[in-house]
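Worksheet: the structure to be examined is printed underneath.
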Amino acid sequence: TSSAGFTGVRPGGSRITGASGLAALFLLTKTNPATGGGFAFECEHLNFDGNNLDVVSAIKNVLGGFPARPFVVRSCSFYGFQKALVSDITSGTVNDTGLCNASITDSSFTNNTYAIWGAGSGCWMDFAFERNVCEQNSNGIFCSVGYFSGSFLVADCLLEAQANAINIACGLIYAEVTRNYFEANSGYLMRFAAINN
Numbered sequence: 644t645s646s647a648g649f650t651g652v653r654p655g656g657s658r659i660t661g662a663s664g665l666a667a668l669f670l671l672t673k674t675n676p677a678t679g680g681g682f683a684f685e686c687e688h689l690n691f692d693g694n695n696l697d698v699v700s701a702i703k704n705v706l707g708g709f710p711a712r713p714f715v716v717r718s719c720s721f722y723g724f725q726k727a728l729v730s731d732i733t734s735g736t737v738n739d740t741g742l743c744n745a746s747i748t749d750s751s752f753t754n755n756t757y758a759i760w761g762a763g764s765g766c767w768m769d770f771a772f773e774r775n776v777c778e779q780n781s782n783g784i785f786c787s788v789g790y791f792s793g794s795f796l797v798a799d800c801l802l803e804a805q806a807n808a809i810n811i812a813c814g815l816i817y818a819e820v821t822r823n824y825f826e827a828n829s830g831y832l833m834r835f836a837a838i839n840n
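Here it is in structure tokens:
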């Protein structure tokens with residue numbers, strides 16, 4: 644965390660910029676994914692800089708089974724990543740649950756290939772995306788391999804100038820998309836491909 648006193652083109656506090664070719668600024672994992680007990684991740688007032696798409700991810704979760712919960716991002720900025728926030732549990736030995744109790748609020752996502760990206764069954768569970776600006780990315784919230792599950796909320800956000808604002812595969816999920824502003828998205832505003840009936 645940092646103080647909120649950062650001033651500049653993008654909101655957020657301390658700026659973290661990755662070197663060219665870096666896989667992630669923060670990588671969430673543990674030595675043995677089968678060991679019980681998850682962990683929490685929380686950040687606020689940080690300005691994540693992807694070095695003009697040279698860094699793959701700002702925060703990447705590769706842990707399944709016992710997830711990071713809660714996963715909390717508040718008042719941060721994500722600029723210029725291939726995939727800004729990632730939960731990819733396709734390669735782990737225990738891969739039935741990814742990031743759980745995920746709350747992403749009051750943040751901005753700009754000039755990323757993907758703002759939110761997921762892969763693996765239950766890669767994001769109980770996902771809340773509120774009061775965010777998500778614009779001029781190639782894609783906003785995206786998952787085609789595996790699925791989101793639990794609850795899914797996108798509320799009070801600006802989703803603008805992207806190919807697809809929301810395009811996810813989902814399992815057993817309760818989804819609510821409410822009070823958002825969509826403009827100049829060229830593909831899907833909202834697409835939910837349900838795996839389970």
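Mapping of the sequence shown onto our numbering: position 18 corresponds to residue 661, and the numbering continues sequentially without gaps.
Beta carbons are placed, not taken as given, at the ideal position from N, Cα and C, and that holds for glycine.
Burial state of T674 is exposed, judged by a 10 Å Cβ sphere holding fewer than 16 other Cβ atoms. Within the same chain, and ignoring the five residues on either side of N695 in sequence, the residues whose Cβ sits closer than 7 Å to its Cβ are G723. Residue pairing of A762 in beta bridges, as defined by DSSP: D731 and V788.
With respect to the 7 Å criterion, F825 and L815 are not classified as neighbours on the basis of their beta carbons. At a Cβ-Cβ threshold of 7 Å, I702 and F752 do not count as neighbours.
A residue is called buried once 16 or more other Cβ atoms fall within 10 Å of its Cβ, and G664, having fewer, is exposed.
Relative to W760, the option among S792, E773 and Q725 whose CA is nearest is Q725. The beta carbons of Q805 and N782 sit about 6 Å from each other, so the pair counts as a contact at 8 Å.
D692 sits in a strand when the DSSP states are folded into three classes. The alpha-carbon separation between F709 and A683 amounts to approximately 11 Å.
In this structure G793 is not in contact with A762, their Cβ atoms being roughly 17 Å apart against a cut-off of 8 Å. Counting other Cβ atoms within 10 Å of its Cβ, A662 stays below 16 and is therefore classed as exposed.
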